[in-house]
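Novice: Before we start, here is the structure in question, set down as structure tokens.
Chains as they are written, first to last, in the numbering used here: chain G, 1 to 308; chain U, 1001 to 1399.
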């Protein structure tokens, strides 16, 4: 498949496709971080995660509309407000969903999967009724347009870079929250031994709700970032949900580092192969390899070493 | 009076439930519905095959597969490939640049029949493949996963990924599979027109007959030790393992069984609808199949049939009049069935209708044989023999 390319051309192709892969990587990381928190830490399968992401995207879309009509002077900075709003809206809905639905199902993970799938159907149809079936896009502020030229053949779009920076900073933030803060310690204590955590005075129901809300909020930020590189439709979230679950499972459900490494591997493999094969075959091959590796190593790349 | 055990079974409670279903499918629906509607019911019934498989696999053994659409689709595609080859005679396709191959291959500049299409010229091979291909895939997946003790949500996610892979593959390889349109324009089965009303009616009864074959197979398994082990495995996997049973082998078996049922359903689906396309096998379709089983009652094979019928009938009804409301109803169904009544319709029936039946039944019995009073100490000794759709009631607390 490399026939007919000189080595320097190949290098540029890899660099360009590598960068295209990086924006896919950013979306994967942002979605997978939320899922890794909810699935990895709580063991809850949230099939509506993609719809939470789309909720964030629609929040951003509405915010950009508001800024355009009422605060055109501040338009350059609307994204940061939108990101915060997206986080808050999604976290609030997440907390509600946890209260109304998920908390009754902690002992039945497979049933959670079905219930959240039902939620995702409802949310998708709600978006379709409210925003219409057509995809919507936001107007990017001027500073995000254009690209940085690195070499003659390689140039990097600024919005892609920006999304990547967001993804990495959120990842860093989650890391500090989960592994370097008192609250993260509580979450991990509840995950590892719920009765014991309760015995030492941790309010495990409160921790559950906050964790679920945090995961959903991060999905909202993912959605906000997603608007920078693509347009949003009612069922855009569903397109990513299987990939994202594979990313989380492949990385080892309870490891944040594993999640990031696997997001990187899967997105790079897919986008590099896309150049040489058709898009669908690249995706099939990537998924097959991931499923194959998971069959050989079901615990994922970075497994938490615990005795079961 | 001497009664054969089979006759006895038919007048038992369980036998009456089966009779009622048979009455509904063989007499009431064909009389009440026109040919078009009956064909629709036949289509819904093909999904009941998948739902029965899911009862065995998910309800009994606790293995949730989100990829049943894959097996349904493989069965359906095997049948569609045979029918397509039959429809693509050199005479019928003489306007193509390569006569004698399916039309979509010609559109995609393929000039010879691919090797994996060749065997589908034979009907016997096709019938084997309808069951064999899904079972083979299920065996590979099951062997890889269950011997490594992968289960629960991981298994669900992986099967879902496999559904995604197969759909993308079929859509991407347009020349070999017909792409997103699927394999269409299927007319005859061994020279027999399948699009006429008579043929559709006949196919409906074939579907019902096959459905009962599958129901009795599933029932037989349930009644045997094999079925007990499946249930035990779901409740206490390690105890079963420590009792010396090879848990993985039982899981592979039940997963292959579900795949075989789904494959049969898929083949009948192709016959009754007249085409096969990737939209029936993807992630969304596969999860919908789970709701058929969940609504009917995840532990009841009869419930699964009713679940498949009801959900699909509701879907067509909503899509005809309020298409935008259907996703809301479907979503609410998912949430409601999980939160409010995890045992589905069969569970509701058992809680609310069966006591009424008991009362009616007892009164008659009491009139006939007033001398027999319940023995003190074990009042339910007789009841235990009765058919119980939830032989082991699904309790949310076990997991």
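C-beta: ideal position from N, C-alpha, C; glycine also.
Taking only beta carbons into account, state which residues of the segment 97-111 of chain G come closer than 8 angstroms to chain U, listed in chain order.
Specialist: Hits within the stretch, in order: 101, 104, 105, 107, 108, 109, 110, 111.
Novice: Kindly indicate the opening and closing residues of the alpha helix (DSSP H) around residue 64 (chain G).
Specialist: Where residue 64 (chain G) is concerned, the enclosing alpha helix (DSSP H) stretches over 49-70.
Novice: Strictly under 8 angstroms for the Cβ-Cβ distance: is residue 41 (chain G) near chain U by that measure?
Specialist: no
Novice: Under 7 angstroms Cβ-Cβ, which residues of chain U neighbour residue 115 (chain G)?
Specialist: Simply 1334, 1335, 1338, 1339.
Novice: Flag residue 288 (chain G) as yes if its beta-carbon sits less than 8 angstroms from any beta-carbon of chain U, otherwise no.
Specialist: Residue contact with chain U for residue 288 (chain G): present (Cβ-Cβ distance below 8 angstroms to some residue of chain U).
Novice: Could you tell me the distance, in whole angstroms, from the CA atom of residue 243 (chain G) to the CA atom of residue 1165 (chain U)?
Specialist: 11 angstroms
Novice: On the DSSP letters alone, give me the boundaries of the beta strand (DSSP E) that residue 147 (chain G) sits inside.
Specialist: 147-149
Novice: For residue 198 (chain G), report the span of its alpha helix (DSSP H) as first-last.
Specialist: 194-199
Novice: What first and last residue would you give for the alpha helix (DSSP H) that runs through residue 1253 (chain U)?
Specialist: 1247-1273
Novice: Along the chain, where does the alpha helix (DSSP H) that runs through residue 959 (chain U) open and close?
Specialist: Not covered by the structure: residue 959 (chain U). The range shown for chain U is 1001 to 1399.
Novice: Give the secondary structure of residue 89 (chain G) by DSSP, where H, G and I count as helix, E and B as strand, and everything else as coil.
Specialist: Looking at residue 89 (chain G) - three-state DSSP - the assignment turns out to be helix.
Novice: Name, in chain order, the residues that DSSP records as bridge partners for residue 156 (chain G).
Specialist: G:148
Novice: Which partner residues of residue 1183 (chain U) appear in the DSSP bridge assignment?
Specialist: Partner(s): U:1276.
Novice: Please report whether the beta-carbon of residue 1061 (chain U) lies at a distance below 8 angstroms from any beta-carbon of chain G.
Specialist: no
Novice: List, in chain order, every chain G residue whose beta-carbon is nearer than 8 angstroms to that of residue 1064 (chain U).
Specialist: Listed along the chain, the chain G residues whose CB falls inside 8 angstroms of the CB of residue 1064 (chain U) are 110, 113.
Novice: Whose C-beta lies closer than 6 angstroms to the C-beta of residue 1099 (chain U) among residues of the same chain, with five residues either side of it excluded?
Specialist: 1090, 1093
Novice: According to the Cβ coordinates, are residue 1287 (chain U) and residue 1066 (chain U) closer than 8 angstroms?
Specialist: yes
Novice: Kindly identify the DSSP beta-bridge partner or partners of residue 1193 (chain U).
Specialist: Assignment of beta-bridge partners to residue 1193 (chain U) by DSSP yields U:1188.
Novice: Mind listing which residues of the segment 1297-1329 of chain U have their C-beta closer than 7 angstroms to chain G's C-betas, in chain order?
Specialist: 1324, 1327, 1328
Novice: DSSP three-state label for residue 1093 (chain U), please.
Specialist: It is coil, neither helix nor strand.
Novice: Does residue 1375 (chain U) come within less than 8 angstroms of chain G when only Cβ atoms are used?
Specialist: Summary for residue 1375 (chain U): the model assigns pLDDT 42, below 50, so the residue's position carries little reliability; its value from the coordinates is reported in the next sentence. Not one chain G Cβ lies under 8 angstroms of residue 1375 (chain U).
Novice: Take residue 76 (chain G) as the anchor and find which of G:138, G:21, G:142 has the nearest alpha-carbon.
Specialist: G:142
Novice: For residue 1150 (chain U), go through chain G and note every residue whose CB falls closer than 7 angstroms to its CB, in chain order.
Specialist: Under the 7 angstroms cutoff, chain G gives 298.
Novice: In chain order, what residues of the segment 1139-1173 of chain U put their CB closer than 7 angstroms to some CB of chain G?
Specialist: 1144, 1145, 1148, 1150, 1152, 1153, 1154, 1156, 1157, 1158, 1160, 1161, 1162, 1164, 1165, 1168, 1169, 1171, 1172
Novice: Please state if the CB of residue 232 (chain G) and the CB of residue 61 (chain G) are separated by a distance shorter than 8 angstroms.
Specialist: yes
Novice: Alpha helix (DSSP H) containing residue 1050 (chain U): first to last residue?
Specialist: Unbroken alpha helix (DSSP H) run through residue 1050 (chain U): 1035-1054.
Novice: Determine whether the Cβ of residue 278 (chain G) lies closer than 8 angstroms to any Cβ atom of chain U.
Specialist: yes
Novice: Excluding the 5 residues flanking residue 273 (chain G) on each side, which residues of the same chain have their C-beta closer than 8 angstroms to its C-beta?
Specialist: 281, 282, 285, 286
Novice: Indicate, with yes or no, if the ligand COA has a heavy atom lying under 7 angstroms from the CB of residue 1186 (chain U).
Specialist: Among the components modelled here there is no ligand, and therefore nothing to report on the ligand COA.
Novice: Can you tell which of G:95, G:237, G:215, G:125 has the C-alpha that lies nearest to the C-alpha of residue 39 (chain G)?
Specialist: Looking from the CA of residue 39 (chain G), the closest CA among G:95, G:237, G:215, G:125 belongs to G:215.
Novice: What number of angstroms, rounded off, separates the C-alpha of residue 163 (chain G) from the C-alpha of residue 1131 (chain U)?
Specialist: 48 angstroms
Novice: Sort G:128, G:278, G:22, G:189 by Cα distance to residue 260 (chain G) and report the nearest one.
Specialist: G:22
Novice: Determine the direct distance from the alpha carbon of residue 1117 (chain U) to that of residue 1192 (chain U), and round the result to whole angstroms.
Specialist: 21 angstroms
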